[in-house]
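Residues in the sequence shown are numbered from 9 upward in steps of one, following our numbering.
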Amino acid sequence: MKKNIVFALIAASLLTACASSGKSDKESKIEQKVDSVMKLMTLDEKIGQMVLYSSDWDVTGPSLKKGYIDDIRKGNCGNIFNAHTAAYTRKLQKIAVEESRLHIPLLFGYDVIHGHKTIFPISLGESTSWDLAAIEKSARVSATEAAASGINWTFAPMCDISVEPRWGRVSEGAGEDPFWGSKIAAARVHGFQGDDLSDTLTILACVKHFAAYGAPLAGRDYNTVDMSERVFLDMYLPPYKAAIDAGAMSVMSSFNELDGVPASGSKYLLTDILRTKLGFKGFVVTDYTSINEMVNHGVASTEADAGLLAVKAGVDMDMQGEVYFKYLKKQVEEGLIPGKMIDDAVRRILKVKFMLGLFDDPYRYCNEAREKREIYSPAHLEAAFDVAKKSMVLLKNDNNTLPLQKGEKIAVIGQLAASTRDLLGSWKAAGDWNFMKSTLDELKIYNGEANVIYAKGCKTSGTDRSGFSAAMLAAQRASKIVMVIGESWDLSGEATSRTSISIPGVQTELLEKLKTLNKPIVVVLMNGRPLDLSKESELADAMLETWFPGTMGGKAITHVLFGEYNPAGKLTMTFPRNLGQVPIFYYEKNTGRPLYLPNPKYKSRYIDCPNDPLFPFGFGLSYTTFAYSDIKLSTTELTEKGELKASVNVTNTGDKDGEEVVQCYVRDLVGSVTRPVKELKGFEKIALKVGESKVVTFIITPGMLAFHRLDMSYGTEPGDYKLFIGGNSREVKETEFKLK
Ligand code: BGC
């Protein structure tokens, strides 16, 4: 069958009037086009569309499929991931559209998580910027670069809520909060997909990892997840829902089980929740070999059986597992799977290919000139610099140790200071660390080479102390010490769970030694998870959390340290005092024996550590200070159709212009089920000049107070509420209102 015959058939079917109801003209036209392709397809070719293989350009999982090029040619593989550049994707696309029988174009997926070439801060870092426009811009820039490099599908956003710092993948998420996580999920989808998937500057988003992957037992990656349905629906589901509401057209089923059922075989998750409850209209792809893994989970005795579970649950595409390729045809022929199920899956995949415009021009993402222009464009680097600065969180600043003064002599200590690779963090996509400058390079450029004395001191891991004395000598020659410590890039991301959340190696030991010099110490942290910083926060005079800040990270750190930019980031995950407090998060329940009642004995507490964390959710300092007035309410009685306005006056009381993230929390005091002690319901990031005041007003409506009630219905309950406003989840002003 020649390509022009396929397209002639498509055109002919377009002449048929659109009969379906409730669908837009565009949608109906696409469905007709899909039907006309479907009519031409053999069962083998249909199954081929349900197959996704990794190219050998990047390795993101345990298995690689050899011979994928031949599979494309034979129509056995309709989708590729881990391939990029306009030239290479063009080569593969050419095989699909010129050598395969039906000429159906390939989807090209890649983990463009926080940038494609220009790398932004890791996602957890971006979330601490509390700047939705900047986060959306980051996704847009990533899409623009990826789309110029042959990619049309990203495996992002990751929407997994997590309260588990042992789990290395918290670095890829938006933190612990469902409200903020939902806003970010929607912003990222919009950033990637724009308003129109057929725009060549946008790419398809993939909501992952569906679902509840962020709650593995003991923080061990891929481990069992078990939680009540209420917690799942109220706390874990909202960001996935927000991403789907924002128009994401693909979803990735996760590795984990939930309530005894692995996600890739869960009809409850993939059909009842995803399609029926959330109204998802795109296709579902597995996470890597998660179909095969159902044998290890122990819900199928063979891979073939696992495949049956997956198709029936609602998995449309098998990533890398080869299960669909090997077994589906026979299962359909034997009547184990209704042919319609396969048709529905293929329809969903082809629909997205049409939406992306791939049938109009399969090479629309393979444009070398565009690739050259877009990759590392000055505007993209500027955007990455902007988000990197915004993502940094000032955790401590005694005696105004920061900002540093230009021209003062500083000793810079630590392996991480001189590293470029680590700045990129995990999932760096096609990011290139040879292209960029380290923090040390940037400090020298800014402060003058003669004013920056560097000593490595020690590595981020191991017990080698041989560099300690050189570090001490360097520190003796300076007026301030800047020590860059933390985790190397490969300690967070996938498969990087830790049983310790301390700073690894002998870095803290060196910090202790430096402390004996009695010079002001600035600790610059690089890490992908909340760490136990109890010791370091005592030793440091100032402490700046910089995450893994990306391609422009070195310059961003420099600008924040020297006060060119006044930090305004706020934590989106609670930092515990020690691992024993984990899981710790701000929306905990009160318990029957809360600690605040008199007499601590027989209360819900530790006998060897306070209950509260080292740094709470929402926390972050500035080089200036802010004062909050008491809260003013427009009414103390919120009616079913009404709204309540809660206002505070915030004043910049320090001596520098700055920004503050004003946060609004609510507590439902009595419910048919117990309710969290605080839930974030709004925030506003404001800029205030020295001495300036602004009134910040939050609007609360009854819908914002809904939850899954005792009978599992979703809605509100009348009664008394507390409302809090402040600069973090711990230090707040407080008032009360009633929901009628
Ligand atoms: C990860 C996913 C990723 C996929 C493809 C898996 O191992 O869990 O997040 O998208 O690999 O690289």
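Think of the CB as a built atom: it goes at the ideal place given N, C-alpha and C, for glycine as much as any other residue. Predicted model only: the values in this text are computed from it and were never measured.
Per-residue burial, residue i [other beta carbons within 10 Å of its own, 16 or more giving buried]
i	result
Q515	buried
G711	exposed
M720	exposed
N90	buried
I38	buried
D139	buried
D728	exposed
D79	buried
V67	exposed
Q749	Only positions 9 to 748 of the chain appear in this structure, which leaves residue 749 out of reach.
C749	For the chain, the structure presents residues 9 to 748; residue 749 sits outside this window and is missing.
K54	buried
S28	Note that S28 has pLDDT 44, beneath the 50 cutoff, so the model's placement of it is unreliable and no number is given.
T643	exposed
G75	exposed
P70	exposed
A142	buried
Y673	buried
K404	buried
E379	buried
E450	buried
V45	buried
P346	exposed
E744	exposed
T661	exposed
Short Cβ contact (8 Å threshold) for residue i with residue j
i	j	result
R372	G322	no
G306	L336	no
T279	D326	no
S150	H92	no
E725	R738	no
V233	A251	no
D43	G83	no
G628	Q671	no
K125	D440	yes
L48	N87	no
E748	E596	Note on residue identity: the sequence assigns Lys, not Glu, to residue 748. Going by C-beta atoms, K748 is not nearer than 8 Å to E596.
I421	A463	yes
S630	E692	no
W435	I77	no
G433	S261	no
L6	G558	Only positions 9 to 748 of the chain appear in this structure, which leaves residue 6 out of reach.
I733	Y636	yes
G456	G465	no
L522	I529	yes
For residue i, the residue or residues it bridges with in DSSP
i	result
V45	Paired residue(s): none; V45 is not in a bridge.
N405	A550
A463	I421
C214	S258
Y722	H716
Y61	I88
D326	V59
F745	Y729
Contact belief for residue i with residue j at Cβ below 8 Å, rounded distance in angstroms
i	j	result
M257	L286	So it is not a contact: roughly 13 Å between Cβ atoms.
K653	T705	5 Å
L552	L533	7 Å
S137	G577	6 Å
D185	L539	The pair is not a contact, with the Cβ atoms about 19 Å apart (cut-off 8 Å).
Y118	T162	6 Å
E520	L547	6 Å
G562	S446	5 Å
S272	L266	Rounded, the Cβ-Cβ distance is 11 Å, inconsistent with contact.
P247	I169	6 Å
V834	G290	No information on residue 834 is available, as it lies outside the stretch 9 to 748 that the chain covers here.
heavy atom of ligand 2 below 7 Å from residue i C-beta
i	result
E301	You won't find ligand 2 in this model; what it holds is ligand 1.
Any C-beta of chain B under 8 Å from that of residue i
i	result
K191	The structure shown contains no chain B, having only a single protein chain.
Whole beta strand (DSSP E) elements within the region 544-614, 3-residue minimum:
Complete beta strand (DSSP E) runs here, min 3: 550-553.
Scan the region 124-173 and note each continuous alpha helix (DSSP H) run of 4 residues or more that stays entirely inside, going in chain order.
131-135, 140-156
Scan the region 616-681 and note each continuous beta strand (DSSP E) run of 3 residues or more that stays entirely inside, going in chain order.
634-636, 652-660, 666-676
Going residue by residue through the region 73-130, where are the continuous alpha helix (DSSP H) segments of at least 4 residues, counting only ones entirely within it?
76-82, 94-102
Report the start-end ranges of each alpha helix (DSSP H) in the region 431-490 that is 4 residues or longer and not cut off at the edges.
447-455, 476-484
Secondary structure, beta strand (DSSP E): runs of 3+ residues fully inside the region 494-542
529-534
So within the region 266-305, which uninterrupted beta strand (DSSP E) runs reach at least 3 residues, ignoring any that extend past its ends?
291-294
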